[in-house]
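Here the working numbering is used: the first residue of the sequence shown is 38, the next is one more, and so on.
Reviewing the structure listed below.
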Amino acid sequence: MIRSWRYPGNFRFYRRSWKKYIRESENKDKELAKAKKNLAQQRERNKDIQKSLNQKLQTQTTTRKALEEAQKRVERLETALVAIANVDGTEKEVAQWNDLEWGIFRTAKDNSYRITNLQHDYSFRITISDGQPLLPDITSPPKHVVLKALELAYK
Numbered sequence: 038m039i040r041s042w043r044y045p046g047n048f049r050f051y052r053r054s055w056k057k058y059i060r061e062s063e064n065k066d067k068e069l070a071k072a073k074k075n076l077a078q079q080r081e082r083n084k085d086i087q088k089s090l091n092q093k094l095q096t097q098t099t100t101r102k103a104l105e106e107a108q109k110r111v112e113r114l115e116t117a118l119v120a121i122a123n124v125d126g127t128e129k130e131v132a133q134w135n136d137l138e139w140g141i142f143r144t145a146k147d148n149s150y151r152i153t154n155l156q157h158d159y160s161f162r163i164t165i166s167d168g169q170p171l172l173p174d175i176t177s178p179p180k181h182v183v184l185k186a187l188e189l190a191y192k
């Protein structure tokens, strides 16, 4: 009995080896599908992690901005307190006039007042002589504040 590839008895051998290759191919396809599924799950987890990190970053940025604004407000209040502390006079004189934005304080000099912006970092020193305020430079406080200083000078 001669066996060759043409002989029908050899087909069993080839069928077995083909089945083996088909099985291996199916197993590799299953492994590939499983790997793709795992990769897709990992991508979803990465997206979720990225979203949570972005939310934390946004929260941190918002908190940082709020903190900076609070620090600016504290600095303004400290500036106002320093301006009040620099004024010479008694407590009664210090508390002469304050509209929460501007304060007028008597200084050690006669007829001299410091007009302080309580919310920002600047103040003016004015001297009142003969009923006229002497302003030191081109910029000056608002008119209603100067009029109030004149009113305080002649009480």
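For each residue, glycine too, the CB sits at the ideal point set by N, CA and C.
What you are looking at is a predicted structure, and each value in this text was computed from that prediction instead of being measured.
Boundaries of the beta strand (DSSP E) around N154: 149 to 154. Separation of T96 and K109 (C-alpha to C-alpha, rounded to the nearest whole angstrom) is 20 Å. No residue range can be given for T144, since it is assigned to no beta strand (DSSP E) and is classified by DSSP as neither H nor E. Residue environment analysis places Y150 among the buried positions, since at least 16 neighbouring C-beta atoms fall within 10 angstroms of its C-beta. Put simply, of K88, I141, Q156, L155 the residue whose alpha carbon is nearest the alpha carbon of T164 is I141.
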